[in-house]
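What follows is a short report on a single structure.
Numbering (full-length UniProt numbering), first residue to last: 1 to 304.
Take a look at the structure:
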């Protein structure tokens with residue numbers, strides 16, 4: 001394990017960082033989901049496998065999250081992008097692939113928009129362009145599920161959600177809670193490979209317990225400072241593409257956070273050759289379909 005000392009406004013802070021692969025591999029920086037999560041699942045399941053396929057992989061836990069929870073954090077986009085800069089300089093990641101999972105995809109787009117010359121390509125993995133569209137989809141799907149069960153209690157919760165402030169953290173939290181409760185984060189049926197990968201991950205006594213941890217400070221902080229649940233990054237993506245930065249999308253066909261219409265928007269923006277939807281796969285693409293995930297990254301990101 002390598003620990004990085006990052007200086008922000010004169011205060012040295014340590015982030016959890018780990019690298020995989022040879023120095024001459026294709027540089028890839030993994031940006032984990034959340035806010036309030038960590039890179040443990042990706043580190044356990046995918047980092048070494050990507051390194052074995054010619055990538056130099058760097059994983060880290062964001063300031064104030066996961067194994068970097070002890071570091072002082074303001075929970076702002078400026079701070080998060082500054083740390084990406086510091087990581088790239090310290091570890092000599094020259095024009096890395098930015099692999100952004102879920103919320104990490106938001107940061108990948110913001111960084112590529114701000115520093116296009118410093119990015120090789122962006123890979124959006126299960127990442128939202130507009131969370132409000134996801135919340136609408138979650139509510140609609142959950143309402144249909146509860147109606148089919150004549151579940152009057154949860155239908156009343158849906159009515160409560162309809163009346164809530166759509167920009168509030170409470171609204172976002174309840175939407176995600178109902179999504180998780182209805183299995184939106186897991187595939188309808190795991191492949192044998194997915195079952196094997198997940199079983200190996202569960203047996204990782206060091207990292208699997210970390211994957212179950214989440215922190216409340218980060219989502220509340222980013223919501224307070226950046227109102228991230230109300231962002232629509234469609235125009236940001238258009239601007240990045242217009243400048244010539246390659247952007248790829250990897251999404252699970254069973255990911256309950258995204259509607260067919262949302263995935264169609266991505267297909268239109270990225271082009272059919274730059275967006276891949278994987279069957280028997282939900283939000284954690286690198287677990288559910290690890291081989292196809294690595295194959296797609298190798299095909300797209302090692303040829304540029």
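Beta carbons are placed, not taken as given, at the ideal position from N, Cα and C, and that holds for glycine. Note that the structure is a prediction, hence the values are computed from the model and not measured.
Distance CB(residue 129)-CB(residue 237) smaller than 8 Å: yes
Endpoints, the beta strand (DSSP E) within which residue 125 is located: 121-125
Paired residues, beta bridge with residue 153 - DSSP: Paired residues: none, contrary to the question.
Cβ-based neighbour list, residue 139, same chain, cut-off 7 Å, excluding 5 preceding and 5 following: 158, 161 and 175
Through-space distance from residue 96 to residue 224, alpha-carbon basis: 30 Å
Supposed close pair residue 252, residue 282 - CB separation, criterion 8 Å: 4 Å
DSSP bridge partner residues for residue 232 (one or two, in chain order): 130
Option nearest residue 305 by Cα separation, candidates 271, 17, 44 and 118: The structure shown does not extend to residue 305, since the chain is modelled only from 1 through 304, so no value can be given for it.
Bridge-paired residues (DSSP) for residue 100: 31 and 124
Anticipated Cβ contact below 8 Å, residue 248 with residue 270, distance rounded: 7 Å
Whole-angstrom C-beta distance between residue 287 and residue 198, which should lie under 8 Å: 6 Å
Rounded separation between residue 215 and residue 17 - CA only: 19 Å
Burial state of residue 153 (16 or more Cβ within 10 Å): exposed
Beta-carbon proximity of residue 61 to residue 32, cut-off 8 Å: yes
Beta strand (DSSP E) segment containing residue 251, residue limits: 247-252
Cβ contact check for the segment 49-56 and the segment 21-32: 3 or more pairs under 8 Å: yes
Through-space distance from residue 192 to residue 290, alpha-carbon basis: 11 Å
Candidates 106, 101 and 266, of which the one nearest residue 230 by Cα: 106
Status (buried if at least 16 other CB within 10 Å, exposed otherwise) for residue 167: exposed
Enclosing alpha helix (DSSP H) for residue 56 [first to last residue]: It is not in any alpha helix (DSSP H) - residue 56 instead sits in the beta strand (DSSP E) that spans 55-60.
Three-state secondary structure (DSSP) of residue 213: coil
Closest Cα partner of residue 263 within the set 169, 200, 189 and 127: 127
Contacting residues, own chain, Cβ-Cβ under 7 Å from residue 114 (five flanking each side not counted): 81
Buried or exposed (CB count within 10 angstroms, at least 16 for buried), residue 148: exposed
Residue interval of the alpha helix (DSSP H) (run including residue 191): Neither: residue 191 is in no alpha helix (DSSP H) and is coded neither H nor E.
Proximity of residue 98 and residue 58 at Cβ, strictly below 8 Å: no
Collapsed DSSP secondary structure at residue 298 in the structure displayed: helix
Option nearest residue 100 by Cα separation, candidates 260, 272, 94 and 125: 125
Residue range of the alpha helix (DSSP H) that includes residue 207: Unbroken run through residue 207: none, as it is neither H nor E.
Residues of its chain near residue 274, where Cβ-Cβ distance is below 6 Å and the 5 sequence neighbours each way are ignored: 248
Residue 65 and residue 36 closer than 8 Å at C-beta: yes
Exposure of residue 180, with buried meaning 16 or more beta-carbon neighbours within 10 Å: exposed
Residue 277, enclosing alpha helix (DSSP H) - first and last residue: Residue 277 -> not in any alpha helix (DSSP H); beta strand (DSSP E) instead, spanning 275-278.
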